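Residue numbers (our numbering): 87 to 459.
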């Protein structure tokens with residue numbers, strides 16, 4: 087599939103110039119068709135054929151295989167979730183916390199990587215925040231902060247600046263200190279090839295509704311082989327145990343222990359279809375196009391009067407953060423939307439707005455945004 091074919095298959099792009107994939111992507115018609123076909127089969131055909139549960143389980147199992155293959159993991163290392171936030175919370179709730187345990191996170195995390203640790207404060211868990219500068223983490227400062235940590239939580243790609251964090255190096259520091267590592271990777275798959283095993287992290291959470299072009303409600307959680315021994319899930323159900331009818335229950339040996347019960351298979355059918363589309367286009371094409379468009383956008387920002395580029399000038403990702411002098415970020419986003427260009431404001435850095443360029447965007451899309459600056 088060519089990027090032009092993808093663009094033609096996304097109905098939302100007929101209505102607006104969409105540059106907010108870092109928040110959520112508009113899905114191609116193929117993905118929505120897969121969701122609808124799955125739902126229709128589940129509700130119309132399966133009850134009179136193989137049965138509702140076997141039909142749903144087949145979709146879930148197939149999607150798990152697709153996700154595992156796409157991320158370089160094994161099927162046993164993947165749990166299906168509803169979102170990145172859901173995945174992070176499943177880990178936070180499954181670890182055996184004691185008063186005085188410490189979580190280290192960066193100051194660049196999304197609320198999904200902040201709120202679960204705030205909640206654990208009532209159990210005596212302490213949180214240390216690793217400060218950044220312009221979207222960067224100093225490894226010496228990280229080593230000092232991590233020395234007494236029990237868990238480190240960080241993003242692979244910052245949603246605030248579009249910068250890649252040194253995940254592999256931080257994982258090594260954490261493991262040397264005896265700490266586990268949880269990575270929020272939602273901004274990576276779909277815009278850059280991502281093998282979650284290369285980081286060495288214990289847990290990696292993500293979702294399909296951003297760069298993977300999938301629907302809302304389909305996420306995934308990687309649990310490194312052996313890391314499940316640290317997890318005593320907060321919830322239990324027939325999907326999380328080996329034999330739900332046994333006298334004494336035993337959790338599934340891998341990541342599946344974090345799945346609980348009945349969920350709609352439809353979003354996962356959409357996720358599997360969206361990953362197939364991404365693979366048809368290929369990451370060589372995706373990354374090259376995103377880099378080209380990002381460079382074009384950054385050049386326009388740098389040349390515009392009264393506009394400050396907050397992301398690095400050199401390419402790292404399709405997320406481009408900037409600030410317009412004297413402008414209220416929220417009002418600016420609404421103004422641009424009225425002019426037919428969709429971006430978003432950020433809670434930080436102060437006054438920042440963020441644009442996303444994906445493979446379906448064009449040079450004309452970028453130029454339209456630059457003209458509004």
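Beta carbons are placed, not taken as given, at the ideal position from N, Cα and C, and that holds for glycine.
In this text the structure is predicted, and so the values were computed from the model without any measurement.
7 Å Cβ cutoff met for residue 160 and residue 234: As a working note, residue 160 is residue 74 in the chain shown. As a working note, residue 234 is residue 148 in the chain shown. In this structure, residue 234 does not lie closer than 7 Å to residue 160 by Cβ.
Residue of 151, 459, 206 minimising C-alpha distance to residue 186: Counted from its first residue, the chain shown places residue 186 at position 100. Closest by alpha carbon: 206.
With respect to the alpha helix (DSSP H) encompassing residue 453, which residues constitute its N-terminal and C-terminal limits? Working through the chain shown from its first residue, we reach residue 453 at position 367. It spans 449-458 - the alpha helix (DSSP H) in which residue 453 sits, taken as one unbroken run.
Runs of alpha helix (DSSP H) wholly within the stretch 170-240 (minimum 4 residues, chain order): 170-180, 201-205, 225-232
Which residue wins for smallest C-alpha separation from residue 215, given the options 90, 230, 286? Along the chain shown, read from residue 1 onward, the residue named residue 215 stands at position 129. The shortest Cα separation from residue 215 among 90, 230, 286 belongs to 230.
Going residue by residue through the stretch 233-282, where are the continuous alpha helix (DSSP H) segments of at least 4 residues, counting only ones entirely within it? 253-262
Should residue 314 and residue 326 be called a contact, given that it needs their Cβ atoms to be closer than 7 Å? Translated into positions along the chain shown, residue 314 becomes position 228. Translated into positions along the chain shown, residue 326 becomes position 240. Going by C-beta atoms, residue 314 is not nearer than 7 Å to residue 326.
Straight-line CA distance for residue 183 to residue 209? To locate residue 183, count along the chain shown from 1; it is residue 97. To locate residue 209, count along the chain shown from 1; it is residue 123. If I take the Cα positions, the gap works out to 8 Å.
Look at the Cβ atom of residue 289, then the Cβ atom of residue 309, and state whether they are nearer than 7 Å. Residue mapping note: residue 289 aligns to position 203 of the chain shown, counting from 1. Residue mapping note: residue 309 aligns to position 223 of the chain shown, counting from 1. Yes.
Are residue 153 and residue 306 touching if we call contact CB-CB under 7 Å? If you number the chain shown from 1, residue 153 lands on position 67. If you number the chain shown from 1, residue 306 lands on position 220. In contact: residue 153 and residue 306 (Cβ atoms closer than 7 Å).
Using 8 Å for Cβ pairs, my map puts residue 167 next to residue 442. What's the rounded Cβ distance? In the chain shown, counting from the first residue as 1, residue 167 sits at position 81. In the chain shown, counting from the first residue as 1, residue 442 sits at position 356. In fact, because the Cβ distance is near 23 Å, the residues do not count as touching under 8 Å.
Terminal residues of the continuous alpha helix (DSSP H) containing residue 314? If you number the chain shown from 1, residue 314 lands on position 228. No alpha helix (DSSP H) contains residue 314, which DSSP labels as neither H nor E.
Range of the contiguous beta strand (DSSP E) that encloses residue 361: Here residue 361 corresponds to residue number 275 of the chain shown, with the count starting at 1. Counting along the chain, residue 361 falls outside any beta strand (DSSP E), though it belongs to the alpha helix (DSSP H) covering 352-367.
Are residue 111 and residue 357 closer than 7 Å when you measure CB to CB? The residue labelled residue 111 in the question sits at position 25 within the chain shown. The residue labelled residue 357 in the question sits at position 271 within the chain shown. Not closer than 7 Å, so no.
Buried or exposed: where does residue 354 fall if 16 or more other Cβ atoms within 10 Å of its Cβ makes it buried? One-based indexing of the chain shown puts residue 354 at position 268. By the 10 Å Cβ count, residue 354 comes out buried.
Enclosing alpha helix (DSSP H) for residue 143 [first to last residue]: The residue labelled residue 143 in the question sits at position 57 within the chain shown. Element bounds for residue 143: 138-157.
Can at least three beta-carbon pairs, one atom from the stretch 427-443 and one from the stretch 400-412, be found at a separation below 8 Å? yes
By the three-class DSSP mapping on this structure, what secondary structure does residue 292 have? Position 206 of the chain shown, counted from the start, is the residue given in the question as residue 292. Strand at residue 292.
Around the Cβ of residue 36, are there at least 16 other Cβ atoms within 10 angstroms (buried) or fewer (exposed)? The structure shown has nothing for residue 36, since the chain only spans 87 to 459.
Could you give the first and the last residue of the continuous alpha helix (DSSP H) run that contains residue 126? Along the chain shown, one-based indexing puts residue 126 at 40. 115-126 is the span of the alpha helix (DSSP H), which, as asked, contains residue 126.
I want to know whether the stretch 220-228 touches the stretch 238-250 - three or more CB-CB distances under 8 Å. yes
Cross-strand partners of residue 442 (DSSP beta bridge): For the purposes of this step, residue 442 is taken as residue 356 along the chain shown, with counting starting at 1. BP columns for residue 442 point to 405.
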